[in-house]
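K.L.:
Per this note's numbering, the sequence shown starts with residue 1406, numbered consecutively.
Glycine included, C-beta positions come from ideal geometry on N, C-alpha and C.
The following block contains the structure, expressed as structure tokens.
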Amino acid sequence: MAERILKNISLRGLKNAVKGNDYRKEATISYGILIGGYILMQLLIAAGLIGHNLQGQLVPICVYISLAVSLNLVVGISGELSLGHAGFMAVGAFSGILVSRVIGQGISFEPAVVLISMLFAALMASIAGFIIGIPILGLRGDYLAIVTLAFGEIIRNIMNVLYFGLDNGKLKFAFNHTIDGIDSNDRIITGAIGATGTKTMATFTWGLVLCLFTVFIVLNLKNSKQGRAIMSIRDNRIAGESIGLDVRKYKLMAFIVSSALAGMAGCLFGLNYSTLVPMKFNFNTSVLILVFVVLGGVGNIWGGIIAAALLTILPETFRQFADYRMLTYAVVLILVMIGTYNPAIKSRVAAVWSKVKPKKKNKGPGKPKKKKAGKEAA
1406 MAERILKNIS LRGLKNAVKG NDYRKEATIS YGILIGGYIL MQLLIAAGLI
1456 GHNLQGQLVP ICVYISLAVS LNLVVGISGE LSLGHAGFMA VGAFSGILVS
1506 RVIGQGISFE PAVVLISMLF AALMASIAGF IIGIPILGLR GDYLAIVTLA
1556 FGEIIRNIMN VLYFGLDNGK LKFAFNHTID GIDSNDRIIT GAIGATGTKT
1606 MATFTWGLVL CLFTVFIVLN LKNSKQGRAI MSIRDNRIAG ESIGLDVRKY
1656 KLMAFIVSSA LAGMAGCLFG LNYSTLVPMK FNFNTSVLIL VFVVLGGVGN
1706 IWGGIIAAAL LTILPETFRQ FADYRMLTYA VVLILVMIGT YNPAIKSRVA
1756 AVWSKVKPKK KNKGPGKPKK KKAGKEAA
């Protein structure tokens, strides 16, 4: 009995050690890619080897990386299909722009304005995630995907009829019509025209900070007690409910955190452009973010980072084929999904990988050698 208890204790310790090693490995790779990429880009910029067009894509690359990692929290870790991530991005973008214009009159220190705007954007997006998450997280699969898709379209259409402006330093708001009596320079959001006159305060450094913060939050949540509960519900909902896990609570937690991070990314995206229209946050944007997640590997943080960076850079590199971007993404998404869920393809890939993958040497104690029959007789 004592030996069995000691064996169970040692197995638990081994499992925890493996989980800790996996966390450190994933964190090291993710942070290494982000920091290494940042240093490499700065060196290339200093050497004059990167053009202005590609430099202008650095902040969007960071934004899309953050969006891919945050969506992975819902799709990969929680196991739910969400097609409304662009909606939370839009909430963060326009609320962040609004706050930056209002507080920018009294605060001249730009980093403080950006930080406050991003925090407010995260708050507004998390509130939106909470309001949407409560009624819909009882849904599963395609039904949840359809409802989140509808949410993203609702947000975009609401932004088409919203008007905000500053009247003698005070915020003025209206629906369905332009704000009368306010100079065009003091108009912040004008319906379908979007946000105009925004001071561009987003930088590549802010993009790196956002990516590091997003990866830190997602990795720590994934490897926390709550994260393991979320993944256990994902793997077997009935078993999770049977041991007393509150399914709605944990799924809502993942949904809200993902929404808040998407809001922060949207805020930085909005502060990167002087003009931003609601049409930018349509269904194609949600699909694009989902492609990053699927192509990088569902649940794989550093894979999503690489996929988001590559698929943002490539359209700029092959500008002459930019019109076929969404077609390419659709084909890639279909091929990846077929390869992921086709047993025949998975078995072939696994067979090839087993041949290519180097075999690990067994450093542990070897199996005890069997005694020869002659020695046993002696």
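Using DSSP with H/G/I as helix, E/B as strand and the rest coil, what is T1595?
P.N.:
For this step, residue 1595 is matched to residue 190 along the sequence shown. Strand, per DSSP.
K.L.:
Rounded to whole angstroms, what is the Cα-Cα separation between G1668 and K1760?
P.N.:
On the sequence shown, position 263 is the one that residue 1668 refers to. On the sequence shown, position 355 is the one that residue 1760 refers to. C-alpha separation (whole angstroms): 44 angstroms.
K.L.:
Comparing C-alpha positions only, which one of F1493, Y1428 and L1478 sits nearest to A1533?
P.N.:
Walking along the sequence shown from the start, residue 1533 turns up at place 128. Minimum Cα distance to A1533 is reached at F1493.
K.L.:
Indicate the three-state DSSP secondary structure (helix, strand or coil) for F1514 in the structure shown.
P.N.:
Taking the first residue of the sequence shown as position 1, residue 1514 is located at position 109. Coil, per DSSP.
K.L.:
Please name the residue, chosen from L1615, Y1568, R1639 and R1429, that lies closest to P1465 on a Cα-to-Cα basis.
P.N.:
Within the sequence shown, the letter at position 60 stands for residue 1465. Checking every option, the nearest Cα to that of P1465 belongs to L1615.
K.L.:
Over what stretch of residues does the alpha helix (DSSP H) that includes F1499 continue unbroken?
P.N.:
By 1-based counting over the sequence shown, the position of residue 1499 is 94. Where F1499 is concerned, the enclosing alpha helix (DSSP H) stretches over H1490 to I1508.
K.L.:
Pairing CB atoms from the region 1698-1716 with CB atoms from the region 1474-1481, are three or more of them under 8 angstroms?
P.N.:
Touching, per the Cβ criterion.
K.L.:
Once DSSP output is grouped into helix, strand and coil, what is the label at Y1568?
P.N.:
Residue 1568 sits at position 163 when you count from the first residue of the sequence shown. If DSSP states are grouped into helix, strand and coil, Y1568 belongs with the strands.
K.L.:
Taking 8 angstroms as the CB-CB limit, is F1660 close to chain C?
P.N.:
Absent here is chain C; the protein component of the structure consists of one chain.
K.L.:
Compute the Euclidean distance between the alpha carbons of L1439 and I1470, then round it to the nearest angstrom.
P.N.:
As a position in the sequence shown, residue 1439 is number 34, starting the count at 1. As a position in the sequence shown, residue 1470 is number 65, starting the count at 1. Looking at the two C-alpha atoms, the distance is approximately 10 angstroms.
K.L.:
Less than 8 angstroms between the C-beta atoms of S1664 and L1476, yes or no?
P.N.:
Working through the sequence shown from its first residue, we reach residue 1664 at position 259. Working through the sequence shown from its first residue, we reach residue 1476 at position 71. No, these two residues do not count as a Cβ contact at 8 angstroms.
K.L.:
Using a Cβ-Cβ cut-off of 6 angstroms (strictly less than) and excluding sequence neighbours within five positions of I1414, which residues of its own chain qualify?
P.N.:
Taking the sequence shown and counting its residues from 1, one reaches residue 1414 at position 9. Interpretation of I1414 is limited by its pLDDT of 33, a score under 50 that renders its predicted location unreliable; no figure is taken from the coordinates.
K.L.:
Using a threshold of 8 angstroms, state whether the C-beta atoms of M1564 and A1495 are closer than that.
P.N.:
Here residue 1564 refers to the residue found at position 159 of the sequence shown. Here residue 1495 refers to the residue found at position 90 of the sequence shown. Against a cut-off of 8 angstroms, the Cβ pair of A1495 and M1564 comes out as a contact.
K.L.:
Exposed or buried, which one is P1683 when buried takes at least 16 other CB atoms within 10 Å?
P.N.:
Taking the first residue of the sequence shown as 1, we reach residue 1683 at position 278. Its Cβ being crowded by 16 or more others within 10 Å, P1683 is buried.
K.L.:
By Cβ distance, which residues of its chain are closer than 6 angstroms to R1506, with the 5 residues on each side in sequence left out?
P.N.:
On the sequence shown, residue 1506 is found 101 positions in, with the first residue counted as 1. Only I1593 meet the Cβ criterion.
K.L.:
Can the beta-carbon of A1527 be found closer than 8 angstroms to that of G1497?
P.N.:
By one-based count along the sequence shown, residue 1527 stands at place 122. By one-based count along the sequence shown, residue 1497 stands at place 92. Contact flag set, yes.
K.L.:
Quick one: residues in its chain with C-beta nearer than 7 angstroms to the C-beta of V1652, no 5 flanking neighbours on either side, listed in chain order?
P.N.:
Residue 1652 sits at position 247 when you count from the first residue of the sequence shown. Contacts found: I1638, R1642, G1645 and E1646.
K.L.:
Taking 8 angstroms as the limit between beta carbons, can you name the residues of its chain near A1782, skipping five residues before and five after?
P.N.:
To locate residue 1782, count along the sequence shown from 1; it is residue 377. For A1782, the pLDDT reaches just 45, beneath the cut-off of 50, and the residue's location in the model is therefore unreliable, although a value from the coordinates is still provided. Result list for A1782: empty, nothing under 8 angstroms.
K.L.:
List the DSSP bridge partners of L1576.
P.N.:
Within the sequence shown, the letter at position 171 stands for residue 1576. Looking at the DSSP assignment, L1576 forms a beta bridge with L1571.
K.L.:
Considering only the alpha carbon of each residue, which of A1432, I1434 and Y1678 lies closest to T1601?
P.N.:
Mapped onto the sequence shown, residue 1601 falls at position 196. The shortest Cα separation from T1601 among A1432, I1434 and Y1678 belongs to Y1678.
K.L.:
Does DSSP put L1681 in a helix, in a strand, or in coil?
P.N.:
Here residue 1681 refers to the residue found at position 276 when the sequence shown is read from its first residue. In the structure shown, L1681 sits in a strand (DSSP, three-state: E or B).
K.L.:
Taking the Cβ atom as the reference point for each residue, do G1557 and F1688 lie within a distance shorter than 8 angstroms?
P.N.:
Position 152 of the sequence shown holds residue 1557. Position 283 of the sequence shown holds residue 1688. Against a cut-off of 8 angstroms, the Cβ pair of F1688 and G1557 comes out as a contact.
K.L.:
For W1611, which of I1521, M1658 and L1693 has the nearest alpha-carbon?
P.N.:
The sequence position of residue 1611 within the sequence shown is 206, counting from 1. Cα-wise, what sits closest to W1611 is I1521.
K.L.:
So which of A1473, L1454 and R1429 has the shortest CA-CA distance to A1712?
P.N.:
For the purposes of this step, residue 1712 is identified with residue 307 of the sequence shown, where counting begins at 1. Ranking A1473, L1454 and R1429 by Cα distance to A1712 puts A1473 first.
K.L.:
Quick check on Y1729: buried or exposed, where buried means 16 or more other Cβ atoms within 10 Å of its Cβ?
P.N.:
Within the sequence shown, numbered from 1, the residue matching residue 1729 stands at position 324. Exposed is the call here.
K.L.:
Need the endpoints of the alpha helix (DSSP H) that E1646 sits in, please.
P.N.:
Residue 1646 sits at position 241 when you count from the first residue of the sequence shown. R1642 to S1647 is the extent of the alpha helix (DSSP H) around E1646.
K.L.:
Let me check one thing: in DSSP terms, what residues is A1600 bridge-paired to?
P.N.:
Locating residue 1600 in the sequence shown gives position 195, counting from the first residue. Partner(s): I1594 and L1681.
K.L.:
Look at the Cβ atom of R1561, then the Cβ atom of F1674, and state whether they are nearer than 8 angstroms.
P.N.:
Mapped onto the sequence shown, residue 1561 falls at position 156. Mapped onto the sequence shown, residue 1674 falls at position 269. Result no, Cβ atoms of R1561 and F1674 do not sit closer than 8 angstroms.
K.L.:
Measure the beta-carbon distance from L1676 to F1569 and round it to whole angstroms, keeping in mind my assumption that it falls under 8 angstroms.
P.N.:
For the purposes of this step, residue 1676 is taken as the residue at position 271 of the sequence shown. For the purposes of this step, residue 1569 is taken as the residue at position 164 of the sequence shown. Actually they do not touch by this definition, with Cβ atoms about 16 angstroms apart.
K.L.:
In this structure, how does DSSP classify A1452 when only helix, strand and coil are distinguished?
P.N.:
In the sequence shown, the residue the question calls residue 1452 occupies position 47. Coil, per DSSP.
K.L.:
Look at the alpha carbon of F1736 and the alpha carbon of P1720, and state the distance between them as a whole number of angstroms.
P.N.:
Counted from its first residue, the sequence shown places residue 1736 at position 331. Counted from its first residue, the sequence shown places residue 1720 at position 315. The question names Phe, but residue 1736 in the sequence shown is Val. So the two alpha carbons sit approximately 15 angstroms from each other.
K.L.:
Would K1391 be called buried (16 or more neighbouring beta carbons within 10 Å of its own) or exposed?
P.N.:
The structure shown has nothing for residue 1391, since the chain only spans 1406 to 1783.
K.L.:
Just the Cα atoms here: how many angstroms apart are A1489 and F1525?
P.N.:
Within the sequence shown, residue 1489 is the residue found at index 84, counting from 1. Within the sequence shown, residue 1525 is the residue found at index 120, counting from 1. Sequence inspection shows Gly at residue 1489; the Ala mentioned does not correspond to that position. When rounded, the distance between both Cα atoms is 20 angstroms.
K.L.:
Starting from L1673, follow the alpha helix (DSSP H) in both directions and report where the run begins and ends.
P.N.:
The residue given as residue 1673 occupies position 268 in the sequence shown. Run containing L1673: V1652 to G1675, per the alpha helix (DSSP H) assignment.
K.L.:
Can you tell me which of F1514, L1445, M1658 and V1703 puts its alpha carbon nearest to the alpha carbon of I1539?
P.N.:
Along the sequence shown, one-based indexing puts residue 1539 at 134. Nearest C-alpha to I1539: M1658.
K.L.:
Name the two residues that bound the continuous alpha helix (DSSP H) containing S1691.
P.N.:
Walking along the sequence shown from the start, residue 1691 turns up at place 286. F1688 to G1701 is the extent of the alpha helix (DSSP H) around S1691.
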